[in-house]
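Participant: Protein chains in written order, with the working numbering: chain A, 171 to 325; chain B, 253 to 525. Even for Gly, the Cβ is constructed at its ideal location relative to N, Cα and C. Below is one structure. I have some questions about it.
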Amino acid sequence: MRHTKHYWRAAFLILLGLIAFFSFRALLIPESFGKFGYYRGDNVEEQMSLPVSFSKNEACADCHEVAAIHESGKHKTVQCQNCHAPLAVHVVEGEMVELMPIDRSPKLCLRCHRKLPSRPKDFPQIVAQDHTGEFEQNLKSGACLECHQPHSPSL
Amino acid sequence: MKEDKKTEIEKTDNKEELGRREFIKKGCELAFGAFLFLGILPIRTSRAGITASAEPETPGEGYNWEEHYYAYLIDTRKCIGCGMCVRACSLENKVPDGFYRTWVERYEVSERGEVYIDSPKGGREGFDPIFPGFHSTKAFFVPKMCNHCDNTPCSQVCPVGASYNTKDGVVLVDEKRCVGCGYCIQACPYGSRFLNPITRTANKCTWCYHRITKGLKPACVQACPVGARKFGDLKREDDEVRRILATERINVLQAEMLTKPKCYYLGVDREVR
Numbered sequence: 171m172r173h174t175k176h177y178w179r180a181a182f183l184i185l186l187g188l189i190a191f192f193s194f195r196a197l198l199i200p201e202s203f204g205k206f207g208y209y210r211g212d213n214v215e216e217q218m219s220l221p222v223s224f225s226k227n228e229a230c231a232d233c234h235e236v237a238a239i240h241e242s243g244k245h246k247t248v249q250c251q252n253c254h255a256p257l258a259v260h261v262v263e264g265e266m267v268e269l270m271p272i273d274r275s276p277k278l279c280l281r282c283h284r285k286l287p288s289r290p291k292d293f294p295q296i297v298a299q300d301h302t303g304e305f306e307q308n309l310k311s312g313a314c315l316e317c318h319q320p321h322s323p324s325l
Numbered sequence: 253m254k255e256d257k258k259t260e261i262e263k264t265d266n267k268e269e270l271g272r273r274e275f276i277k278k279g280c281e282l283a284f285g286a287f288l289f290l291g292i293l294p295i296r297t298s299r300a301g302i303t304a305s306a307e308p309e310t311p312g313e314g315y316n317w318e319e320h321y322y323a324y325l326i327d328t329r330k331c332i333g334c335g336m337c338v339r340a341c342s343l344e345n346k347v348p349d350g351f352y353r354t355w356v357e358r359y360e361v362s363e364r365g366e367v368y369i370d371s372p373k374g375g376r377e378g379f380d381p382i383f384p385g386f387h388s389t390k391a392f393f394v395p396k397m398c399n400h401c402d403n404t405p406c407s408q409v410c411p412v413g414a415s416y417n418t419k420d421g422v423v424l425v426d427e428k429r430c431v432g433c434g435y436c437i438q439a440c441p442y443g444s445r446f447l448n449p450i451t452r453t454a455n456k457c458t459w460c461y462h463r464i465t466k467g468l469k470p471a472c473v474q475a476c477p478v479g480a481r482k483f484g485d486l487k488r489e490d491d492e493v494r495r496i497l498a499t500e501r502i503n504v505l506q507a508e509m510l511t512k513p514k515c516y517y518l519g520v521d522r523e524v525r
């Protein structure tokens, strides 16, 4: 063996390169990558633990009597938080942090009840001008609520 | 004759200067190298999930993703276009202004076949009447969102493994892993993804994964006042969506793309893509 030294040198270099490659690769790959598939396994738990903003209507009934009226009326399928705001705005860990916003604008009512050809025909809809004699833009805040009870409308 | 051959082999061996002693020595050296190489490998294989663990692990506590397989049903005949679903989604998931994880489209079709389609602010503020003079003979709303395909084009093109399908049938994006290249946004035939301008990562509907894993419904489904949006678990026998899928005439968007969407539609017209 005349060239043993060369072989050794080459082998050593290759080995060093491999070690460098794999250790660098290990640094780049996150800890839980490949735990469940070709992705970072820890992310599934991260996604699960995101904060929940919208609660159920039952949560409102704990404090508010109007929730019971709402629950038996025609608007029972409309979530409290649809017209107000997500519960997380109002209550955090059982403590009230902020008052719920109350939107009295006719725009909120017309969101569902404005006459549109795309709406199902059997859904109650109005044309503001025919219904009140005023254009939609000229209706004052609370105009609808003068006749209609928003939580449990009878008409 | 036999002896002659033997001597010949010995002669050639001598030419290469590789005797038995040398051969064993080299073999040992090679084995040592291979051993070192294999010693490093297991770090890699265990991370890539090739070595299967004895017990199937599930992420999170108090929830087993093997027991669920979700599906979504949209009944366009019921939708009133109030846009409460879009509002609920934006507030629940803190979606930046001008971007929508779910949106509502309005279709108005005239007798002559003209189609008017719009979605002002994704339908988040509701809809105003369209310009007068367009006489539509049929009109309807179509809520849209990520279809959570079984055969996902979006997660297939992701170069860093940031987008993936969970075992319970949800397509998610890992914000920490995403490099914001936007391939997935191009790959999605439904336009369900967008680049979040704040985090500069791909963003999309998660079916409110943080809610459904706690037994709640997605924010859009809960917000819908007419039951046009339904969320179901196909592994539950008494599930409503499962029953409707089995008994009614359902459709999916762009079935020709072969993406196997898990958002099913009732009453979609041919204009809807």
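1. If you follow the beta strand (DSSP E) that B:Lys396 is part of, which residue opens it and which one closes it?
2. Does B:Asp370 pass the burial test, meaning 16 or more other C-beta atoms within 10 Å, or should it be called exposed?
3. When you compare only the Cα positions, how much space is there between A:Phe182 and B:Lys278?
4. What are the boundary residues of the alpha helix (DSSP H) that B:Trp317 is part of?
5. In whole angstroms, give me the CA-to-CA distance for B:Met509 and B:Pro441.
6. Could you tell me the boundaries of the alpha helix (DSSP H) in which A:Trp178 lies?
7. Going along the chain, which residues of its own chain have a beta-carbon closer than 7 Å to the beta-carbon of B:Cys472, five neighbours each way excluded?
8. Taking only beta-carbon positions, decide if B:Tyr516 is within less than 8 Å of chain A.
9. Check whether the region 361-380 of chain B touches the region 488-507 of chain B, taking contact to mean three or more Cβ pairs, one atom from each stretch, closer than 8 Å.
10. If the criterion is Cβ atoms closer than 8 Å, does the pair B:Thr511 and B:Thr404 meet it?
11. With respect to the beta strand (DSSP E) encompassing B:Arg481, which residues constitute its N-terminal and C-terminal limits?
12. Can you tell which of B:Thr389, B:Pro395, B:Cys430 has its C-alpha closest to the C-alpha of B:Val409?
13. For chain A, is any of its Cβ atoms less than 8 Å away from the one on B:Gln408?
14. Would you say B:Asp370 reaches chain A, if we count a Cβ-Cβ gap shorter than 8 Å as a contact?
15. Could you check what DSSP says for B:Thr354 in three-state terms: helix, strand or coil?
16. DSSP on B:Arg445, reduced to helix/strand/coil?
17. Does the separation of the CB atoms of A:Asp273 and A:Cys253 fall below 8 Å?
18. Just to confirm, is the Cβ distance from B:Phe393 to B:Gly333 under 8 Å?
19. Compare the C-beta of A:Met218 against all C-beta atoms of chain B and say whether one is closer than 8 Å.
20. Leaving out the 5 sequence neighbours to the left and right, which residues in its chain are closer than 8 Å to A:Leu257 when beta-carbon positions are compared?
21. Determine the chain B residues that contact A:Gln249 at a beta-carbon separation under 7 Å, and present them in chain order.
22. With a CB to CB cut of under 7 Å and the five nearest residues on each side skipped, what residues in its chain are close to B:Phe386?
23. Is the Cβ-Cβ distance between B:Ala454 and B:Val425 less than 8 Å?
24. Where DSSP assigns a beta bridge to B:Asn503, which residues make up the other side?
25. Just list the alpha helix (DSSP H) runs in the region 243-322 of chain A, keeping only unbroken ones of 4 residues or longer that don't cross its boundaries, in chain order.
26. Residues of chain A with CB closer than 7 Å to the CB of B:Asn463, please, in chain order.
27. Return the chain-ordered list of same chain residues with a C-beta closer than 7 Å to the C-beta of B:Phe446, the five sequence neighbours on each side being excluded.
28. For B:Lys396, count neighbouring Cβ atoms within 10 angstroms of its own Cβ and tell me buried if that reaches 16, exposed if not.
29. So, helix, strand or coil for B:Thr303, using DSSP?
30. Which of helix, strand or coil does DSSP assign to B:Val361?
31. What residues in its chain sit with their C-beta under 8 Å from that of B:Ser415, if we drop five residues either side in the sequence?
32. Beta-carbon within less than 6 Å of B:Asp402's beta-carbon, same chain only, minus the 5 sequence neighbours each way: which residues are those?
33. Run through chain A and tell me which residues come within less than 8 Å of B:Glu344, C-beta to C-beta.
34. Got a sec? Which residues, its chain only, sit under 7 Å from B:Asp491 by beta carbon, not counting five neighbours each side?
35. Between the region 489-503 of chain B and chain A, which residues of the former have CB atoms less than 8 Å from a CB of the latter, in chain order?
Facilitator: On the basis of the supplied data:
1. Counting from one through the second sequence, the residue named residue 396 of chain B turns up at place 144. First-last of the beta strand (DSSP E) with B:Lys396: 388-397.
2. In the second sequence, residue 370 of chain B corresponds to position 118, counting from 1. Result: exposed.
3. Within the first sequence, residue 182 of chain A is the residue found at index 12, counting from 1. Within the second sequence, residue 278 of chain B is the residue found at index 26, counting from 1. Near 15 Å, if we compare the C-alpha coordinates of B:Lys278 and A:Phe182.
4. As a working mapping, residue 317 of chain B is identified with position 65 in the second sequence. Counting along the chain, B:Trp317 falls outside any alpha helix (DSSP H), and DSSP gives it neither H nor E.
5. Residue numbering aside, residue 509 of chain B sits at position 257 when the second sequence is read from its first letter. Residue numbering aside, residue 441 of chain B sits at position 189 when the second sequence is read from its first letter. If you take the alpha carbons of B:Met509 and B:Pro441, they lie about 8 Å apart.
6. For the purposes of this step, residue 178 of chain A is taken as residue 8 along the first sequence, with counting starting at 1. Looking at the DSSP string, the run of the alpha helix (DSSP H) that includes A:Trp178 is 174-198.
7. Working through the second sequence from its first residue, we reach residue 472 of chain B at position 220. Excluding positions up to five away in sequence, the list reads Cys337, Ala340, Cys341, Thr354, Arg481.
8. For the purposes of this step, residue 516 of chain B is taken as residue 264 along the second sequence, with counting starting at 1. Not one chain A Cβ lies under 8 Å of B:Tyr516.
9. no
10. Residue 511 of chain B sits at position 259 when you count from the first residue of the second sequence. Residue 404 of chain B sits at position 152 when you count from the first residue of the second sequence. Taking 8 Å as the Cβ cut-off, B:Thr511 and B:Thr404 qualify as a contacting pair.
11. In the second sequence, the residue the question calls residue 481 of chain B occupies position 229. First-last of the beta strand (DSSP E) with B:Arg481: 481-485.
12. Translated into positions along the second sequence, residue 409 of chain B becomes position 157. Checking every option, the nearest Cα to that of B:Val409 belongs to B:Cys430.
13. Counting from one through the second sequence, the residue named residue 408 of chain B turns up at place 156. False, the Cβ-Cβ gap to chain A never drops below 8 Å.
14. Locating residue 370 of chain B in the second sequence gives position 118, where the first residue counts as 1. B:Asp370 does not count as touching chain A.
15. Here residue 354 of chain B refers to the residue found at position 102 of the second sequence. Looking at B:Thr354 - three-state DSSP - the assignment turns out to be strand.
16. Here residue 445 of chain B refers to the residue found at position 193 when the second sequence is read from its first residue. Coil, per DSSP.
17. In the first sequence, residue 273 of chain A corresponds to position 103, counting from 1. In the first sequence, residue 253 of chain A corresponds to position 83, counting from 1. Going by C-beta atoms, A:Asp273 is nearer than 8 Å to A:Cys253.
18. Position 141 of the second sequence, counting from 1, holds the residue named residue 393 of chain B. Position 81 of the second sequence, counting from 1, holds the residue named residue 333 of chain B. Yes.
19. Taking the first residue of the first sequence as 1, we reach residue 218 of chain A at position 48. Chain B contact via Cβ: present.
20. Residue 257 of chain A sits at position 87 when you count from the first residue of the first sequence. These residues qualify, in order along the chain: Ser223, Phe224, Ser225, Ala229, Cys230, Gln251.
21. Along the first sequence, read from residue 1 onward, the residue named residue 249 of chain A stands at position 79. Near A:Gln249 (Cβ distances below 7 Å), the residues of chain B are Gln474, Ala475.
22. As a first step, residue 386 of chain B is located in the second sequence; it is residue number 134 there, counting from the start. Hits under 7 Å: Glu360, Ser362, Tyr368.
23. Taking the second sequence and counting its residues from 1, one reaches residue 454 of chain B at position 202. Taking the second sequence and counting its residues from 1, one reaches residue 425 of chain B at position 173. Yes, these two residues count as a Cβ contact at 8 Å.
24. Taking the second sequence and counting its residues from 1, one reaches residue 503 of chain B at position 251. Paired residue(s): B:Tyr517.
25. 250-253, 257-260, 276-283, 298-302
26. Against the second sequence, residue 463 of chain B aligns to sequence position 211. A small correction: the amino acid at residue 463 of chain B is Arg; Asn does not occupy that position in the sequence shown. Near B:Arg463 (Cβ distances below 7 Å), the residues of chain A are Val222.
27. Translated into positions along the second sequence, residue 446 of chain B becomes position 194. Cβ neighbours of B:Phe446 beyond the five flanking positions: Phe351, Ile437, Asn455.
28. Indexing the second sequence from 1 puts residue 396 of chain B at position 144. When all chains shown are included, B:Lys396 counts as buried.
29. What you label residue 303 of chain B is simply residue 51 of the second sequence in a count that begins at 1. The predicted position of B:Thr303 is uncertain, since its pLDDT is 48 and thus under 50; no value can be drawn from it.
30. As a position in the second sequence, residue 361 of chain B is number 109, starting the count at 1. Strand.
31. To locate residue 415 of chain B, count along the second sequence from 1; it is residue 163. Thr404, Cys406, Ser407, Val423, Leu424, Val425, Asp426, Cys430, Cys436, Ala454, listed in sequence order.
32. For the purposes of this step, residue 402 of chain B is taken as the residue at position 150 of the second sequence. Here the set comprises Lys512.
33. Position 92 of the second sequence, counted from the start, is the residue given in the question as residue 344 of chain B. Result: Val222, Ser223, Phe224, Pro256.
34. For the purposes of this step, residue 491 of chain B is taken as residue 239 along the second sequence, with counting starting at 1. Closer than 7 Å at Cβ, skipping near neighbours: Gly484, Asp485.
35. none
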